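Enquirer: Residue numbers (my numbering): 78 to 193. All C-beta atoms, glycine included, are put in the ideal place defined by N, C-alpha and C. A quick note: this is a predicted structure, and the numbers were derived from the prediction, not measured.
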Amino acid sequence: MLAITGVVGLEGIVIADRDGVPIVKASMETIPDTALMSSFLSTFGLTSHQGGKLGMGENNTIICIYSTYQVVQMDLLGMIVTFIGNKNCNTGHILSIQKELNPIINDLTKVLTTDF
């Protein structure tokens, strides 16, 4: 993926279904294995659902900043895209990748929803 090399400090991108099952991933070896597990990747759906219950409306992006990493998760056309960057990564640059990924996600969604 071109996006992973275009943002300084971005160390991984994972495209997963709503259950957190990875479909496509590109990552550096420095990312902890736990950040690529389904149990971690599926947290977006749970968190978004809880926010909706609080009357906050529909959510499509969550940004979490940890001591050594930051995680940005987006709902793009029903797929959960997780970006993992180091603590110095520019969050705005990560958010701008969405436009670059939309055509890829659209094609991927078409392939995965095709009945055989």
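#1: Quick one: what does DSSP say Asn163 is sitting in, helix, strand or coil?
#2: Mind checking who Asp152 pairs with in its DSSP beta bridge?
#3: Could you tell me whether the Cβ atoms of Ile157 and Tyr146 are closer together than 8 Å?
#4: According to the Cβ coordinates, are Ser115 and Gly97 closer than 8 Å?
#5: Check whether the segment 83-96 and the segment 159-179 are in contact - that is, three or more C-beta pairs closer than 8 Å.
#6: For Gln175, collect the residues of the same chain with a Cβ closer than 7 Å to its Cβ; drop the 5 residues on either side in sequence, then sort them by chain order.
Expert: Taking the coordinates as given:
#1: Residue numbering aside, residue 163 sits at position 86 when the sequence shown is read from its first letter. Three-state result, Asn163: strand.
#2: Position 75 of the sequence shown, counted from the first residue, corresponds to residue 152. DSSP lists Ile157 as partners of Asp152.
#3: As a position in the sequence shown, residue 157 is number 80, starting the count at 1. As a position in the sequence shown, residue 146 is number 69, starting the count at 1. For Ile157 and Tyr146, no; Cβs fall outside 8 Å.
#4: Here residue 115 corresponds to residue number 38 of the sequence shown, with the count starting at 1. Here residue 97 corresponds to residue number 20 of the sequence shown, with the count starting at 1. In this structure, Gly97 lies closer than 8 Å to Ser115 by Cβ.
#5: yes
#6: Within the sequence shown, the letter at position 98 stands for residue 175. Here the set comprises Met151 and Leu153.
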